[in-house]
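The block underneath contains the structure these notes are about, expressed in structure tokens.
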Amino acid sequence: MDVFLEYLKAFLVGGAFCLVGQLLIDLTKLTPARILVSYVVAGVVLGGLGVYQPLIEFAGGGATVPLTGFGSLLAKGVREAVDKDGLLGAFTGGLNACAAGITAAVFFGFLAALCFKSGSKINEK
Amino acid sequence: MNISNSEYGELTKKRSPDSKMYKTLPKAFFIGGIICTLGEGLINLYGYLGMDEESAAAVTSITLIFLSALFTGVELYDRIAQHGGAGTLVPITGFANAVVSPAIDFKSEGYVLGLGAKMFVIAGPVIVYGLSASVVYGIIYYIVSLVAG
Amino acid sequence: MDYCSGKTFKYAHASVESFAAVVGKAENEGPYGGEFDEVIEDNKGGCDTWEQAEAMFQRKAVGHVLKKSELTPDKIDLVFAGDLLNQCVSSSYGLKEYYMPFLGIYGACSTFAEGLLLAGAMVNAGYAERCIAVTSSHFSSAERQFRFPLNYGGVRPPTSQWTATASGAVLVSDTGRPPFIRAATVGKIEDMGINDLNNMGAAMAGAAYDTLSRHMKHMEAEPQDYDLIVTGDLGLVGSQLLCDLFGRDGVDIEKLHKDCGLMLFDRSTQDVHSGGSGCGCSASVMCGHFLKRIESGELKRVLFCATGALMSTTMIQQGGTIPGIAHAVELTSY
Chain S
3 MDVFLEYLKA
13 FLVGGAFCLV
23 GQLLIDLTKL
33 TPARILVSYV
43 VAGVVLGGLG
53 VYQPLIEFAG
63 GGATVPLTGF
73 GSLLAKGVRE
83 AVDKDGLLGA
93 FTGGLNACAA
103 GITAAVFFGF
113 LAALCFKSGS
123 KINEK
Chain L
-3 MNISNSEYGE
7 LTKKRSPDSK
17 MYKTLPKAFF
27 IGGIICTLGE
37 GLINLYGYLG
47 MDEESAAAVT
57 SITLIFLSAL
67 FTGVELYDRI
77 AQHGGAGTLV
87 PITGFANAVV
97 SPAIDFKSEG
107 YVLGLGAKMF
117 VIAGPVIVYG
127 LSASVVYGII
137 YYIVSLVAG
Chain P
5 MDYCSGKTFK
15 YAHASVESFA
25 AVVGKAENEG
35 PYGGEFDEVI
45 EDNKGGCDTW
55 EQAEAMFQRK
65 AVGHVLKKSE
75 LTPDKIDLVF
85 AGDLLNQCVS
95 SSYGLKEYYM
105 PFLGIYGACS
115 TFAEGLLLAG
125 AMVNAGYAER
135 CIAVTSSHFS
145 SAERQFRFPL
155 NYGGVRPPTS
165 QWTATASGAV
175 LVSDTGRPPF
185 IRAATVGKIE
195 DMGINDLNNM
205 GAAMAGAAYD
215 TLSRHMKHME
225 AEPQDYDLIV
235 TGDLGLVGSQ
245 LLCDLFGRDG
255 VDIEKLHKDC
265 GLMLFDRSTQ
275 DVHSGGSGCG
285 CSASVMCGHF
295 LKRIESGELK
305 RVLFCATGAL
315 MSTTMIQQGG
325 TIPGIAHAVE
335 LTSY
């Protein structure tokens, strides 16, 4: 039962993040790139204010998988690095913390480009 | 023209259909929720395999990005996204899709100036503003801890 | 500044000798499937890139026209060609092997009417005996240039239009047989203040209204004098706006009005939102469907008005609006 509740929380919180994104798409004319940027910056701000960590503890993947989680990870990395190395940490912490994600995106993007061709998007019935 | 631009703008607004939000919102919620639940499942799986919390989260991101790259390559991600909307945009898989799709698409302009240079044509701003915001936060945090410390 | 009414050119010695359309898979699955001369089932036809594929569409369309008239390229005095890509590469690369005197033209999606109008004028004036006008568009090459990579999961809003993968070509000469090119009106650049990249129909409807009204005024004709008023690619939103604009003058064109963008695809089963668009959209519907019916006399007098959104992503990003343009060509069977 606990496991079910855990997944339900991840589903609901993650879904809610996407719902807000969809509202932004439908009601404002924000382009996808702008929404992605807003989410990451919002994540940095919320993470910096210490609001996001409790949400991660509550919802797990529901809070880490959306791009706000990426932002909060940046904030967390910077905070820990500043604690350790002082001001230098402001410049090293962010990329360190999200190195796995960015490197994976670049590397798998490169691999995918080697393996696949761009789609025809033929408008099928 | 015998109609002013503002009057025409009103007319345009009236004639332009809005998104069917009774469809787009539930779909975004559901598909986005599923992706996050999958993330939660992976975190648990990697935890079960003996990874600590931080590593499990990082490997989960890598796995999701890999899956997104694969789905993008076989032209499935954009098809799901036609239904998912923000549900496929907001999760980390959407970020990966934004990196992988131009890489595939611009391969036709060469491996260096096409694939290599255009990879971040959509997702670049995310890195630029995400990192910049984190540096600003780091500086503020440093000053605050100096004053408080 | 006084309102410029322009001129309507009247032609006495220009006919469409032959016409041909080459389309992609989805276009052939639309309501007028089977009426086109050639279908490229995978939209790529063995080419390496989408841009090369679009050039091939244009080359094939011109090839069909030459074949139908049993002519070799050296018998063509002039070709007007255009497309949507930067530097009009589909036209120049597609037609370079024909070695025909070439004039590249750009009017966004209105280019087909522009080519038809110019070809008719050259033949009517006697400068050229045989003139070809050809245009093309390709969903994948246009998407890459104007929007997002093809595999990107961007969501298209309901007002957006689907670029047709198609090309249409006409050979104009003084055959004395229908379809006759009777008159043409050159459009003015009409900026309605629309800045939404996903609402091209709205950006173009004002230009279509202006050109059509001027054309009918100069021809001393009422809408009812035409069998049909065919617009290029206004789509659903633009078509409604065009009817609204005429409605304000107390003129009802709704029953006479057809839009190639709404005809090429079946909006109920094909996910094209507001309808088709692109230089190839009106070109393929005219060459695949309407010209046949004007030739046979089934349609006697058709006013064709192709519409173009003179859109540039650079100007939009700099905060600009989207100017529209529309050129009208009157085609008759008598």
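Protein chains in written order, with my numbering: chain S, 3 to 127; chain L, -3 to 145; chain P, 5 to 338.
Think of the CB as a built atom: it goes at the ideal place given N, C-alpha and C, for glycine as much as any other residue.
Just so it is clear, the structure is predicted and the values come from calculations on it, not from any experiment.
Query                                                                                                                                  : Result
Interface residues of chain L facing residue 194 of chain P [CB-CB closer than 9 Å]                                                    : -3
Residue-level contact to chain P via CB, residue 1 of chain L, 7 Å cutoff                                                              : yes
Residues near residue 35 of chain L by beta carbon distance below 7 Å, same chain, minus five either side                              : 56 and 60
Assigned secondary structure, residue 197 of chain P (DSSP; H/G/I helix, E/B strand, else coil)                                        : coil
9 Å Cβ cut-off: residues of chain P touching residue 31 of chain S                                                                     : 161, 200 and 202
Reduced DSSP category for residue 50 of chain S - H, G, I as helix; E, B as strand; rest coil                                          : helix
Beta strand (DSSP E) segment containing residue 177 of chain P, residue limits                                                         : 170 to 177
Neighbourhood of residue 83 of chain P by C-beta distance below 6 Å, restricted to the same chain and skipping five residues each side : 104, 106 and 136
Residue 76 of chain P (DSSP reduced to helix, strand or coil)                                                                          : coil
Spatial distance of residue 111 of chain P from residue 50 of chain L (CA atoms)                                                       : 56 Å
8 Å contact criterion, which residue 170 of chain P and residue 28 of chain P should meet: CB distance rounded                         : 6 Å
Near-chain L residues of the region 4 to 21 of chain S - C-beta to any C-beta below 9 Å                                                : 5, 8, 9, 10, 11, 12, 13, 14, 15, 16, 17, 18, 19, 20 and 21
Residue 91 of chain P burial status per 10 Å Cβ neighbour count (16 or more: buried)                                                   : exposed
The region 100 to 112 of chain L / the region 112 to 122 of chain S touching (three or more Cβ pairs under 8 Å)                        : yes
Beta-bridge pairing of residue 233 of chain P - partner residues as DSSP gives them                                                    : P:261 and P:307
For residue 127 of chain S, the three-state DSSP class (helix, strand or coil)                                                         : The predicted model places residue 127 of chain S with a pLDDT of 39, which falls under 50 and marks its position as unreliable, so this point remains unresolved.
Contact with chain P by residue 40 of chain S, beta-carbon distance below 7 Å                                                          : no
Residue 90 of chain L beta carbon near the ligand ZN (any heavy atom closer than 6 Å)                                                  : For the structure depicted, the ligand ZN is absent and the ligand set is empty, with no information on it obtainable.
Cβ-Cβ separation, residue 139 of chain P to residue 115 of chain P (assumed contact under 8 Å), whole Å                                : 5 Å
For residue 325 of chain P and residue 195 of chain P, believed in contact at Cβ under 8 Å, the rounded distance                       : 6 Å
Nearest-angstrom Cα separation, counted from residue 49 of chain S out to residue 277 of chain P                                       : 39 Å
Proximal residues, the region 227 to 247 of chain P versus chain L, C-beta separation under 7 Å                                        : 241, 244 and 245
Proximal residues of chain L, C-beta to C-beta of residue 249 of chain P below 9 Å                                                     : -3, -2, -1, 4 and 7
Chain-ordered neighbours of residue 104 of chain S on chain P, where CB pairs are closer than 9 Å                                      : By Cβ distance, chain P contributes nothing, its closest Cβ being about 18 Å from residue 104 of chain S, past 9 Å.
Below-7 Å beta-carbon distance, residue 87 of chain S vs any chain L residue                                                           : no
CB-CB length for residue 22 of chain P against residue 182 of chain P, believed under 8 Å                                              : Not confirmed; about 12 Å, so no contact.
Residues bridged to residue 87 of chain L [DSSP beta-bridge criterion]                                                                 : S:68
CA nearest to the CA of residue 313 of chain P, picked from P:73, P:45, P:212 and P:17                                                 : P:212
Residues, ordered as in the chain, of the region 111 to 138 of chain P that lie near chain S by beta-carbon distance below 7 Å         : none
Cα-Cα separation between residue 252 of chain P and residue 233 of chain P, rounded to whole angstroms                                 : 18 Å
Residue 139 of chain L in three-state terms, based on DSSP                                                                             : helix
Residue-level contact to chain C via CB, residue 97 of chain P, 7 Å cutoff                                                             : Among the protein chains of the structure shown, namely S, L and P, there is no chain C.
Min CB distance residue 103 of chain L to chain S below 7 Å                                                                            : yes
Pick from P:143, P:315, P:134 and P:265 that is closest to residue 55 of chain P, judged by C-alpha positions                          : P:143
Contact under 7 Å by Cβ, residue 289 of chain P with residue 298 of chain P                                                            : no
Rounded distance between the beta-carbons of residue 24 of chain L and residue 21 of chain S, thought under 8 Å                        : 6 Å
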